[in-house]
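Report on the structure given below.
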Amino acid sequence: YGLTQGVEHVVEISTGVRLFVGLEAIGEVDEKGMRTVMTTLNGQLRPVNVRDRSVKVETKAAEKADAGRPGEIAAPFSGVVTLKVAEGAVVAAGDAVATIEAMKMEAAITTPVAGTVSRLAIPATQQVEAGDLLVVVTPGA
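In this note's numbering, the protein residues as written are 609 to 749.
What follows is the structure in structure tokens.
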């Protein structure tokens, strides 16, 4: 089952409405287990990203910040975060601990509490999702 490379298939989605679908090329698997498959739809070349289930991929789930702990600083939205502090640094409430860049915009991520940076949850620069834990500040330490 599936598409045969180089063969155009006709799919009738309703009476008199047909789609012409073809498989042109299959790319190499990436580190996330995804492949780019080049297809044609009604003669137009289109890339489609698909998961290759035959490849085992081990991904580590990102740690999420606990909103009930003010010292756990989370990413406010998805983007690339660059940390601006080191473990052991003393910070005041409102100090920038990181910056986040998304869609060509950059914003500071500040700590709501004063204290000591007790843990960095990500490397110096990393792509993150909203809610991912970035830095832990131990209040008043």
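Glycine is no exception: its CB is placed at the ideal position from the N, C-alpha and C atoms. For clarity, every value in this text was computed on a predicted model and none was experimentally measured.
Quick check on the burial criterion: 16 or more other C-beta atoms within 10 angstroms. Buried or exposed for A682? Residue numbering aside, residue 682 sits at position 74 when the sequence shown is read from its first letter. Burial call: buried.
Taking G635 as the reference, which of L627, R654, V745 and V625 has the closest Cα? The residue labelled residue 635 in the question sits at position 27 within the sequence shown. Nearest of L627, R654, V745 and V625 to G635, Cα basis: R654.
Proximity of E645 and L631 at Cβ, strictly below 8 Å: As a working mapping, residue 645 is identified with position 37 in the sequence shown. As a working mapping, residue 631 is identified with position 23 in the sequence shown. It should be pointed out that residue 645 corresponds to Val in this sequence rather than to Glu. Against a cut-off of 8 Å, the Cβ pair of L631 and V645 comes out as a contact.
To which residues does DSSP link T724 through a beta bridge? In the sequence shown, the residue the question calls residue 724 occupies position 116. For T724, which the question treats as bridged, DSSP gives the partners V698 and T746.
Could you say which of V689, A697 and R727 lies nearest to K712 if we only look at CA atoms? Looking up residue 712 in the sequence shown gives position 104. Checking every option, the nearest Cα to that of K712 belongs to V689.
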